[in-house]
Each structure stands twice: as C-alpha cells, then as structure tokens.
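Our numbering puts the first residue of the sequence shown at 213, with every later residue one more than the last. Comments concern the structure below.
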Amino acid sequence: MFDNPRFIMVGGFLGAGKTTTVARLAHHYQSAGKRVVIVTNDQATDLVDTNSLRSQGFDVGEVAGSCFCCNFNELTNTVERLGVDQRPDIIIAEPVGSCTDLVATVIRPLQHIYAEPFDIAPYGVILKPSHGLKILKKTGKGGFSPQAEYIFRKQIEEADFVILNRIDELPQETVAELQSLIAETFPGIPCLLMSATTGQGFEKVCEHLEQNGEFGKRVMDVDYDIYAQGEAELGWLNAQISVQSELAFDLDSFLMRLLDQVSQSLASSAAEVAHLKVIGMVDGHYAVANLVSSASAAKLSIGSKAQTKLADVVINARVAIDPESLTQAIRESVRTVCDQFQVEETINTLQSFRPGRPVPTHRLI
Ligand SMILES: Nc1nc2c(ncn2[C@@H]2O[C@H](COP(=O)(O)OP(=O)(O)OP(=O)(O)O)[C@@H](O)[C@H]2O)c(=O)[nH]1
Ligand SMILES: [Mg+2]
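Following this line, the structure appears as structure tokens:
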C-alpha cells in the first residue's frame, strides 16, 4: 500500500475516543496483513491505555513522562525500538488528550527533521460531543476554564479532518447541530461521523486516512501561556494498586463501583471530570471502565466476567481539580470500595500533579 511506514496520529480531547479508535484501526490493518505498532503517551507512567491495548494483543510502546511534543526524541526512539525485529507497516500514535500544536511539534518535525522517511497520514482529530457541544456553543458551561476550552478548540483548528465520534448515542438533531457548529467554527475542515464503538462510519475514516498528499499544514498561532494555564487546570493522577481477598469477587462490578464512588466524591466539589478510567487485570482477563464527563454515567467499556481473588488495578484520572483533592478522593474511594468488597488493597504507586508548561523539542512553522 505504502513504501515507507505509514504514521497515523489520532488526536482529540481527553476521553474523546482515541484509544478505542486506535484499537479499531490496529485491528483493521492487522487483518489486512500489515505489521502494526502503537505508541501511547502520558505525562506519567502506569497507563490504562497501554495496558488495555497490550491486553488486546497489540504491540505497544509507551512514551511516559512527558508528551510527544516535549519529548520528540523519545517518540522516535520508541518507534525505532518497536521496529528492531521487523519494520512496521503502520505506526499509530495516540498523543495526550490535553495537548495541542501537534502539527508544528510532531508532524512537521517528523516530515522535515527526522532522518527516517515516513508516509504521514492526514491528521484526524476526534471531537468529544459531551464537552464539544457546550464549548463550541460558547455557553460558558463547558465545565472547564476558558484556558482549557482554548486547548479544546486549538486541537480541532489544526486537524486535517475532524471525526465527530459517539454518533451511536447522539440524537440526529445533536449530530446536525454539532456539524453546523464545526463548519462555522472551523471552516474548510472536513468532518466525518463515526462511532468508534459500533464501527459506524469507520470505513470512511480509513478511506480518509489512506489519502496521499501533503498533510499537517495547518500550523497555528498558539499562545503558550494560555495553553500552559489550561493544562495546569487539570489534576492528573496515575495509580497502580494490587487487590486481593479470601473470597472471589466480581472484577467488573468492583471497577464500576470504584468509578461511581470517585464520581460521587468529586460531585461534592463540582469538579469537572475530563476522563476517569480504570483497568483491572488478572491471568489474561481484563476489564476497562470509563467516565468521560461529570454529567455522564460510568461505563464498562470492556467486560471480563472474571470472578477473582486478586487483581492488578490501574487508575488514571484527569479532573479539573487540584491534585491533592484528587488524591484524597481516589484514596478514600479505593478504601470505601475495597471495604465493601471485603478486599485488601496495596497502593503500589500513586503520582498526582498538574501538567507542567509544555516546552516543545521542535516547533516548525
Ligand atoms: N458510546 C460510545 N462510546 C465511545 C465511543 N468511542 C469511545 N467511547 C467510550 O468513551 C470512553 C473513552 O474512550 P477512549 O477511547 O478511552 O478515549 P481517549 O480519547 O483515548 O481518552 P484519553 O486517552 O484519556 O484521552 C470509553 O468508555 C469508550 O468506550 C463511541 O463511538 N460511542
Ligand atoms: Mg486514550
């Protein structure tokens, strides 16, 4: 199909559906006989996404500790490590959902500085309807500060095309409203409709990604002070926990109960959830549960049906709240739910912080 490895980056806000889309793309290209590798990214270690994609059998490298743009060399080193045994045909990269300016800091440096030739696919950015509707309508009730909303809008402004996701659960009139808001706010950027969960519209997304041409040309003006303030508004928490009990417990119910408890605990401080996700793993079984906004309900995205006496649990939380309050909410919720399930917990790692100011390795305009 392509002579050089094809580099596909899928952007979009926290909880937009990037990992779900990445898994679908990886499966699609693997089924066509391609060697696919995936690169995940986060400000810290212990990623739900890496564990989830590896559990699904994909070859995943991780850039953890800073975003692709601020650690460009680690992105290329990771891609090279994934290609040591066999050159990949397709590289799929998922950037951090609070990052923007990725055309200038990742795509253009890959095109113009990195020595290895890649075919760069059009840059698709997924629009998250739950926050997008409020932010693009400028209601002032998007749940985030104007600085975080700035990031949301900038992410779409630099896209070669927008993917309006979750159409399986959107009424037709909401889809139409979002389409006209996108056309008005970002004139000239094509918008495709998709459900990453059901696969509706996925073929069109693949067709779009397979176009040849010069992409990644929408370099923008970005105010890094506003961008840094928007990112720093989010409390970030990654934790890895071992749980065990004398009696077998239901892993899926445990994860769902945990998300409900955290959500309840955060509701009292009116802190907007950008994405709260957990994975539970035991002996080849795994389950993933997510909460993508304060107004929605937690969802078991991947069920395990496992009854188990032990499990490893990874929690990733991105919430508009200070990291100390987030840590307290998570610790208390873990304790409460473990008591309810008569499970003993050991918190092996827990990091919480506000993302630091983005300082890109390269910025090509
Ligand atoms: N109903 C529905 N749910 C979806 C769709 N796409 C993703 N989701 C759900 O949305 C949640 C978040 O999806 P992810 O793919 O983890 O989102 P993400 O953009 O990778 O999130 P971050 O990596 O945290 O930024 C999960 O519960 C998914 O199952 C969709 O098309 N329809
Ligand atoms: Mg993800």
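Glycine residues also receive a C-beta, built at the ideal position from the N, C-alpha and C atoms.
>> Measuring only the C-alpha atoms, how far is L470 from V308?
In response: 24 Å
> Counting Cβ pairs closer than 8 Å, one from the segment 314–329 and one from the segment 230–242, do we hit at least three?
Replying inline: no
> Who are the Cβ neighbours of D579 in its own chain at under 6 Å, not counting the five residues just before and after it?
Replying inline: Given that the chain is displayed from residue 213 to residue 577, the structure contains no residue 579 and the question cannot be resolved.
>> Please report the straight-line C-alpha distance between R547 and L562, rounded to a whole angstrom.
In response: 14 Å
> Apart from the five residues just before and just after G354, which ones in its own chain have a Cβ nearer than 6 Å to its Cβ?
Replying inline: H343, K346, I347 and E361
>> Let me check one thing: in DSSP terms, what residues is Y241 bridge-paired to?
In response: Answer by DSSP bridge pairing: none, since Y241 is not bridged.
>> Do S454 and S537 count as a contact pair if the criterion is CB distance below 8 Å?
In response: Result no, Cβ atoms of S537 and S454 do not sit closer than 8 Å.
> If you count every other CB in all the chains shown that lies within 10 Å of the CB of V580, and 16 or more means buried, which is it?
Replying inline: Absent from the structure is residue 580, since the part of the chain shown begins at 213 and ends at 577.
>> Comparing C-alpha positions only, which one of A541, G223, S506 and F565 sits nearest to T257?
In response: Relative to T257, the option among A541, G223, S506 and F565 whose CA is nearest is F565.
> At least one CB of chain C closer than 8 Å to the CB of V546: is that the case?
Replying inline: Here there is only one protein chain, and chain C is not present.
> By a C-beta neighbour count over all protein chains shown, 10 Å radius and 16 as the cutoff for buried, is P570 buried or exposed?
Replying inline: buried
>> Between which two residues does the beta strand (DSSP E) holding N377 run?
In response: Run containing N377: none; DSSP gives neither H nor E here.
> Where DSSP assigns a beta bridge to D437, which residues make up the other side?
Replying inline: D437 is not bridged to any residue.
>> Tell me the rounded alpha-carbon separation between I302 and R218.
In response: Taking the straight line from one Cα to the other gives about 5 Å.
>> If you follow the alpha helix (DSSP H) that D464 is in, where does it begin and where does it stop?
In response: L463 to A479
>> Can you tell me whether Q452 is helix, strand or coil according to DSSP?
In response: Q452 falls in the strand class under three-state DSSP.
>> Does the beta-carbon of N377, which I'm using as the reference point, lie nearer than 7 Å to any heavy atom of ligand 1?
In response: yes
>> Let's test the definition: count the other Cβ atoms within 10 Å of the Cβ of P383 and tell me whether it reaches 16, buried, or not, exposed.
In response: exposed
> Does DSSP classify L345 as helix, strand or coil?
Replying inline: helix
> When the Cα atoms are used, what is the spatial distance from L467 to N528?
Replying inline: Rounded to the nearest angstrom, the two C-alpha atoms are 12 Å apart.
>> Taking the alpha carbon of I394 as the reference point, which residue from K349, A509, Y436 and Q359 has its own alpha carbon closest?
In response: The residue with the shortest Cα to Cα distance from I394 is K349.
> Whose beta carbon lies closer than 7 Å to any heavy atom of ligand 2, going through the chain in order?
Replying inline: Qualifying residues, in the order they occur: K230, T231, D261, E306 and G309.
> Is there contact between the segment 507–522 and the segment 438–451, where contact requires at least three CB pairs shorter than 8 Å?
Replying inline: Under the 8 Å Cβ criterion, the segment 507–522 does not count as touching the segment 438–451, having fewer than three qualifying pairs.
>> Is any non-hydrogen atom of ligand 1 found closer than 7 Å to the C-beta of V525, if you look at the structure I gave you?
In response: Between ligand 1 and the CB of V525, the shortest heavy atom gap is not smaller than 7 Å.
> Are the Cβ atoms of L463 and T539 separated by less than 8 Å?
Replying inline: no
> What residues in its chain sit with their C-beta under 7 Å from that of A460, if we drop five residues either side in the sequence?
Replying inline: Q519, T520 and K521
> Hey, I368 and M406: beta-carbon distance below 8 Å or not?
Replying inline: no
>> Quick check: is any heavy atom of ligand 1 less than 7 Å from the C-beta of N502?
In response: yes
>> For G428 and R320, which I take to be in contact (beta-carbon distance under 8 Å), what is that distance rounded to the nearest angstrom?
In response: With a contact defined as Cβ atoms closer than 8 Å, G428 and R320 qualify at about 6 Å.
> What is the DSSP secondary structure of D331, counted as helix, strand or coil?
Replying inline: strand
> Nearest to S475 by CA position, among E544, V248 and E370, is which residue?
Replying inline: E544
> How close, in whole Å, do the beta carbons of V275 and I250 come, if the pair is a contact with beta carbons under 8 Å?
Replying inline: Wrong, their Cβ atoms sit about 11 Å apart, outside the cutoff.
> Does the beta carbon of H487 fall short of 7 Å from some heavy atom of ligand 1?
Replying inline: yes
> Who are the Cβ neighbours of D534 in its own chain at under 7 Å, not counting the five residues just before and after it?
Replying inline: G447
>> Taking the straight line between their C-alpha atoms, what separation do you get for C580 and Q554?
In response: There is simply no residue 580 to check, as the chain begins at 213 and stops at 577 in what is shown.
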